[in-house]
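Peer 1: Could you have a look at this structure, given as structure tokens, before my questions?
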Amino acid sequence: MGLLIYFNGRLIPEKEAKVSVFDHGLLYGDGVFEGIRSYNGRIFKLDEHLKRLYVSANAIMLNIPLEFSELKDAIVQTVRANKLKDSYIRVVVTRGVGDLGLDPKKCKIPTLFIIASKIELYSADICEKGLDVVTVATRRNLPETVSPSVKSLNYLNNIMAKIEANNAGASEGLMLNHEGYISECTGENIFIISGGCLTTPPVSAGTLEGVTRNTVIDIAAGIGMEVRERNITRCDVWSADECFLTGTAAEIVSVISLDGRIIGTGKSGEVTNKIRKEYSFLTMSEGVLVYE
Ligand code: PMP
Numbered sequence: 001m002g003l004l005i006y007f008n009g010r011l012i013p014e015k016e017a018k019v020s021v022f023d024h025g026l027l028y029g030d031g032v033f034e035g036i037r038s039y040n041g042r043i044f045k046l047d048e049h050l051k052r053l054y055v056s057a058n059a060i061m062l063n064i065p066l067e068f069s070e071l072k073d074a075i076v077q078t079v080r081a082n083k084l085k086d087s088y089i090r091v092v093v094t095r096g097v098g099d100l101g102l103d104p105k106k107c108k109i110p111t112l113f114i115i116a117s118k119i120e121l122y123s124a125d126i127c128e129k130g131l132d133v134v135t136v137a138t139r140r141n142l143p144e145t146v147s148p149s150v151k152s153l154n155y156l157n158n159i160m161a162k163i164e165a166n167n168a169g170a171s172e173g174l175m176l177n178h179e180g181y182i183s184e185c186t187g188e189n190i191f192i193i194s195g196g197c198l199t200t201p202p203v204s205a206g207t208l209e210g211v212t213r214n215t216v217i218d219i220a221a222g223i224g225m226e227v228r229e230r231n232i233t234r235c236d237v238w239s240a241d242e243c244f245l246t247g248t249a250a251e252i253v254s255v256i257s258l259d260g261r262i263i264g265t266g267k268s269g270e271v272t273n274k275i276r277k278e279y280s281f282l283t284m285s286e287g288v289l290v291y292e
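Numbering of the sequence shown is given in our numbering, commencing with residue 1 and proceeding in unit increments.
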């Protein structure tokens, strides 16, 4: 049986959930999105994800056709309708149907759909072992263009980076910003641990302010670790004791090498494992209840 998709105000079978060829989300990547997870019948960090969605929409002057609380309800309904406990939820808002010119003025009604399904970014085996990552040539978007803080439907930069990583036989591609500092991977934030201190690039390095990133920062501070947001270089990663990536889909996954240099022991690190355990505890105990 297929999924039920929330599509412009109605729950419909996935076979019927179709976007017009004139939708500017498709023609121009004009829109925004969020990826959210539910664990054990609770939607994790739903408010945080939705805040980012509204901020992204505001930045591109796109009006989300639902109020915050209405959108929240629609997401809960979609997960419930699909009887999912553990799910990956994709919320997409596009500029809607227009003509073949790019002018968004011609798009009168935004398209809003919600998919509640599953996701697996890396095989269980790779997650267990840790990722081999390479630095790619494609740079993170310039803040002077579409801000990297906007989670838009324009992911071609990141896709180019992913292709480079695939071509190199690596699990992930690490993207630098226009100054040569580390920004993030194609869909995940990066952290290093050196001498007991947790470091991640600041948002000004062109990183998306990840919800998982912020959760990890809180966890680390909560267990008494020193946390720093500062620019880091490839050399900082090569010489780190531990390194991991964070993202809603990826969760927390260790990086065991960058550009062929083994990081730390070449295995998932002790501190990373501790943070991962705390994260897993939070995901199981917090969040918006889907079922009464
Ligand atoms: N960076 C980018 C470019 C992303 O697309 C994402 C989300 N997939 C992240 C970082 C991680 O963000 P979050 O933890 O909110 O999922």
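The beta carbon of each residue, even a glycine, is placed where N, CA and C say it ideally should be.
What is the DSSP secondary structure of Phe-7, reduced to helix, strand or coil?
Peer 2: strand
Peer 1: Assuming Thr-94 contacts Thr-111 under a Cβ cut-off of 8 Å, what Cβ separation, rounded to an integer in Å, is found between them?
Peer 2: 4 Å
Peer 1: With 16 as the cutoff for other CB atoms within 10 Å, does Gly-130 come out buried or exposed?
Peer 2: buried
Peer 1: Below 7 Å, is the gap between the Cβ of Arg-139 and the nearest heavy atom of the ligand PMP?
Peer 2: no
Peer 1: Would the beta-carbon of Ala-249 fall within 8 Å of that of Ile-119?
Peer 2: One thing to note: Ala-249 has its Cβ within 8 Å of the Cβ of Ile-119.
Peer 1: In the structure shown, what three-state DSSP assignment does Leu-50 receive?
Peer 2: helix
Peer 1: Within 7 Å: the Cβ of Asn-158 and any heavy atom of the ligand PMP?
Peer 2: Yes, the ligand PMP has a heavy atom inside 7 Å of this Cβ.
Peer 1: Pull up the distance between the alpha-carbon of Cys-197 and that of Glu-242, whole angstroms please.
Peer 2: The alpha-carbon atoms of Cys-197 and Glu-242 are separated by roughly 10 Å.
Peer 1: Helix, strand or coil for Pro-104? Go by DSSP, reduced to three states.
Peer 2: helix
Peer 1: List the whole-angstrom C-beta distance separating Val-32 from Ser-56, where the pair is believed to meet the contact cut-off of C-beta under 8 Å.
Peer 2: The pair is a contact, with the Cβ atoms about 4 Å apart (cut-off 8 Å).
Peer 1: Look up Gly-247 in the DSSP assignment and say whether it is helix, strand or coil.
Peer 2: strand
Peer 1: Using DSSP with H/G/I as helix, E/B as strand and the rest coil, what is Phe-191?
Peer 2: Reduced to three states, the DSSP call for Phe-191 is strand.
Peer 1: Is there at least one non-hydrogen atom of the ligand PMP closer than 7 Å to the beta-carbon of Arg-90?
Peer 2: no
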